[in-house]
Amino acid sequence: MIKTTMIRISQKSLSANILSDFYSALEGESI
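For the sequence shown, position 7 matches number 6 in numbering that gives the first Met the number 0, and the numbering has no gaps at all.
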C-alpha cells in the first residue's frame, strides 16, 4: 500500500515538473 502511493506521488510530481519545464520553455521562446 505504502509503496504504490509513493510511486503515484512521485509520478504526479514528475509530470508536474515536465509541465512546468514545458511552459517555461514556451515563455523563453516567446521572448
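Even for Gly, the Cβ is constructed at its ideal location relative to N, Cα and C.
Quick one: Cα of arginine 7 to Cα of alanine 15, how far?
One-based indexing of the sequence shown puts residue 7 at position 8. One-based indexing of the sequence shown puts residue 15 at position 16. Between arginine 7 and alanine 15, the C-alpha separation is close to 12 Å.
May I have the straight-line CA-CA distance separating serine 12 from serine 19, to the nearest angstrom?
Against the sequence shown, residue 12 aligns to sequence position 13. Against the sequence shown, residue 19 aligns to sequence position 20. Near 10 Å, if we compare the C-alpha coordinates of serine 19 and serine 12.
Run the proximity test for leucine 13: is its beta-carbon closer than 7 Å to any non-hydrogen atom belonging to the ligand ATP?
The ligand ATP is absent from the structure shown, which contains no ligand whatsoever.
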